[in-house]
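Heads up, the thing below is written out as structure tokens.
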Amino acid sequence: MSASTSIGVSASGAPPAHLSRPAPGIIAALFCGYLCVGLPLPVIPLFVHDKLGFSNLVVGLVIGIQFLATVLTRGYAGRLTDHHGGKRSALQGAMVCALGGLFYLVAAMPSLSPATSLAVVVVGRLTAGFGESQFVTGCVAWSIASVGPQRAGMSMSWTGIAMFAALAIGAPVGMGLYQGYGLQAAMIACIVAPLVAGVVAWSQVSYTSPAGQRLPFTKVIGQILREGLGLMLQGVGLSGLTAFASLYFAARHWGHAGLVMTAFGIGFIFVRVVLGSLPDRMSGYRVAFWSLVVEAVGQAMIWGAPDEMVALAGALVSGLGCALVFPALGVEALKRVLPANRGSAMGAFVAFLDIAYGVSGPAAGVIASQFGYAAVYLFGAGCALLGAALVVIPRRPQP
Numbered sequence: 000m001s002a003s004t005s006i007g008v009s010a011s012g013a014p015p016a017h018l019s020r021p022a023p024g025i026i027a028a029l030f031c032g033y034l035c036v037g038l039p040l041p042v043i044p045l046f047v048h049d050k051l052g053f054s055n056l057v058v059g060l061v062i063g064i065q066f067l068a069t070v071l072t073r074g075y076a077g078r079l080t081d082h083h084g085g086k087r088s089a090l091q092g093a094m095v096c097a098l099g100g101l102f103y104l105v106a107a108m109p110s111l112s113p114a115t116s117l118a119v120v121v122v123g124r125l126t127a128g129f130g131e132s133q134f135v136t137g138c139v140a141w142s143i144a145s146v147g148p149q150r151a152g153m154s155m156s157w158t159g160i161a162m163f164a165a166l167a168i169g170a171p172v173g174m175g176l177y178q179g180y181g182l183q184a185a186m187i188a189c190i191v192a193p194l195v196a197g198v199v200a201w202s203q204v205s206y207t208s209p210a211g212q213r214l215p216f217t218k219v220i221g222q223i224l225r226e227g228l229g230l231m232l233q234g235v236g237l238s239g240l241t242a243f244a245s246l247y248f249a250a251r252h253w254g255h256a257g258l259v260m261t262a263f264g265i266g267f268i269f270v271r272v273v274l275g276s277l278p279d280r281m282s283g284y285r286v287a288f289w290s291l292v293v294e295a296v297g298q299a300m301i302w303g304a305p306d307e308m309v310a311l312a313g314a315l316v317s318g319l320g321c322a323l324v325f326p327a328l329g330v331e332a333l334k335r336v337l338p339a340n341r342g343s344a345m346g347a348f349v350a351f352l353d354i355a356y357g358v359s360g361p362a363a364g365v366i367a368s369q370f371g372y373a374a375v376y377l378f379g380a381g382c383a384l385l386g387a388a389l390v391v392i393p394r395r396p397q398p
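Residue numbers for the sequence shown follow numbering that gives the first Met the number 0, so the first one is 0 and each next one is one higher.
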């Protein structure tokens with residue numbers, strides 16, 4: 000790495016050279032910051048249901064409202080990234096995420112009534128969603144800018160690994176803090192994690208977006224609509240695993256439901272590490288097509304599993320299939336927008352995944368109630384196949 004790259008700008012004022020792989024500091028900042036999403040996931044439901052005494056419906060609404068806030072603010076996050084660079088968006092988002100953690104901490108005060116605590120938790124979820132939107136959009140676009148569009152697939156593979164690892168590690172850590180030291184300790188961690196992310200991000204080189212015409216966010220969405228819909232259909236399978244795998248295993252009298260996401264994660268991270276640059280070397284649509292077909296096979300294995308080993312194998316295969324859909328379609332989405340709109344494109348693209356997680360959970364719940372838990376995975380397989388068909392439809396020429 001050249002000296003000019005290390006400090007961000009050369010003596011002549013030229014922008015820093017592109018790196019051969021995503022900057023480790025950006026990936027580390029994304030991991031630390033995204034912990035504030037994983038840490039409260041198992042804690043908030045227990046607090047709202049067990050401590051405050053509210054119903055499961057209220058719990059679901061409190062958890063889901065963060066996704067709503069994230070979706071509704073992706074446009075702002077994309078514009079912020081396009082105008083001021085991913086580093087600015089990431090730093091601003093990290094501070095807002097820390098503020099969300101502060102609201103969680105206030106909600107845990109024993110002097111508050113249950114209704115007041117719930118209201119403060121909701122404000123915290125909305126604040127965290129707004130912060131997450133800026134932080135993730137900024138980090139993803141910043142990482143791509145650090146390596147250039149020719150390595151965008153590799154960049155998105157590594158940002159995805161950082162986020163998935165933060166969820167996988169943050170959830171059990173949050174639960175351990177809650178059970179061992181109380182809600183306050185878990186919520187303090189939700190404040191510290193994004194602050195650490197901000198410190199790490201502050202020291203990294205800033206890569207700004209190219210100059211050029213800035214399009215309205217709605218027009219950017221229209222340009223990447225098919226890619227976004229393909230990503231959304233991929234997210235249905237993962238949503239079914241996170242929401243209903245434990246209930247499905249219990250209904251079939253199988254043990255080891257806790258290994259479902261472990262199996263998925265092994266397949267997911269293996270493909271991201273070994274084949275993460277594949278979308279940069281061949282058609283992203285082809286990679287996405289075969290990935291979605293593999294995901295459909297994995298979901299079908301879970302649906303028709305005669306025993307838990309086949310179901311766990313299906314989770315593994317689902318992870319293999321899901322791994323490259325985001326970077327593969329993300330690369331193609333970036334090709335369809337002008338360089339000055341890449342931040343908005345990434346904000347819109349990730350929003351489709353937010354929608355998948357927010358909508359497919361309730362839809363799968365209706366399916367499970369009517370047809371049983373296994374039908375959730377048949378639904379996931381069907382969505383993956385629909386996504387595979389969608390990504391091979393001929394497209395208009397890119398700009």
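C-beta atoms are modelled at their ideal positions from N, C-alpha and C, and glycine is treated no differently.
Every value quoted in this text rests on a predicted model; they were computed, and no experiment measured them.
| Item | Value |
| --- | --- |
| Straight-line Cα distance separating Ala-250 from Leu-111 | 39 Å |
| Where Trp-253 sits in the DSSP three-state scheme | coil |
| Cα-Cα separation, Met-155 to Trp-289 | 18 Å |
| Cβ shell of Ala-373 (< 6 Å), same chain only, five flanking positions each side left out | Trp-302 |
| Beta carbon of Ala-367 nearer than 7 Å to that of Phe-263 | no |
| Within 7 Å, strictly: CB atoms of Gly-297 and Ala-196 | no |
| Alpha-carbon spacing of Gln-233 relative to Ile-187, whole angstroms | 34 Å |
| Assigned secondary structure, Asp-279 (DSSP; H/G/I helix, E/B strand, else coil) | helix |
| For Phe-248 and Glu-307, believed in contact at Cβ under 8 Å, the rounded distance | 7 Å |
| Every unbroken alpha helix (DSSP H) inside the stretch 69-156 [4 residues or more] | 85-106 and 113-146 |
| Expected contact under 8 Å - CB spacing of Pro-278 and Leu-323 to nearest Å | 6 Å |
| Straight-line Cα distance separating Ser-359 from Gly-239 | 8 Å |
| Among Thr-158, Gly-381, Ile-392 and Ser-132, nearest to Phe-351 - alpha-carbon criterion | Ser-132 |
| contact_flag[the stretch 114-130, the stretch 47-60] where n(CB pairs < 8 Å) is 3 or more | yes |
| Helix, strand or coil at Phe-469 according to DSSP, with G and I counted as helix | The first residue shown for the chain is 0 and the last is 398, placing residue 469 beyond what the model contains. |
| Ala-97 CB to nearest heavy atom of the ligand ATP below 6 Å | As presented, the structure is devoid of all ligands, the ligand ATP included, so that no description of it is given. |
| Sequence-distant residues of the same chain with beta carbon closer than 6 Å to His-17, five excluded per side | Val-146 and Gly-147 |
| The stretch 158-172 / the stretch 69-81 touching (three or more Cβ pairs under 8 Å) | no |
| Where Arg-225 sits in the DSSP three-state scheme | helix |
| C-beta atoms of Ile-223 and Ala-344 nearer than 7 Å | yes |
| Assigned secondary structure, Ser-238 (DSSP; H/G/I helix, E/B strand, else coil) | helix |
| From Ala-387, Val-330, Leu-311 and Leu-125, residue whose alpha carbon lies closest to that of Leu-98 | Leu-125 |
| Where Ile-392 falls, given that 16 or more other Cβ within 10 Å makes a residue buried | exposed |
| Sequence-distant residues of the same chain with beta carbon closer than 7 Å to Ala-363, five excluded per side | Ser-238, Gly-239, Ala-242, Phe-243, Val-375 and Phe-378 |
| Sequence-distant residues of the same chain with beta carbon closer than 6 Å to Val-390, five excluded per side | Gly-229, Tyr-284, Ala-287 and Phe-288 |
| Cα-Cα separation between Arg-271 and Ala-161, rounded to whole angstroms | 11 Å |
| Where Gly-7 falls: helix, strand or coil (DSSP) | Because the pLDDT at Gly-7 is just 38, under 50, the model does not fix this residue reliably, and the value given afterwards should be weighed accordingly. Looking at Gly-7 - three-state DSSP - the assignment turns out to be coil, as it is neither helix nor strand. |
| Supposed contact pair Thr-136 and Val-349 - C-beta distance, whole angstroms, cut 8 Å | 7 Å |
| Buried versus exposed, by CB contacts within 10 Å (16 or more), Tyr-180 | exposed |
| Inter-residue spacing [alpha-carbon to alpha-carbon] between Arg-225 and Val-105 | 42 Å |
| Nearest-angstrom Cα separation, counted from Gln-149 out to Gln-91 | 27 Å |
| Nearest-angstrom beta carbon gap, Val-292 and Ala-387 [assumed within contact, 8 Å] | 5 Å |
| Backbone secondary structure at Gly-371 - three-state DSSP | coil |
| For Tyr-33, the first and last residue of its enclosing alpha helix (DSSP H) | 23-37 |
| As assigned by DSSP and simplified to three states, the class of Arg-271 | helix |
| CB of Val-42 within 7 Å of CB of Tyr-177, strictly | yes |
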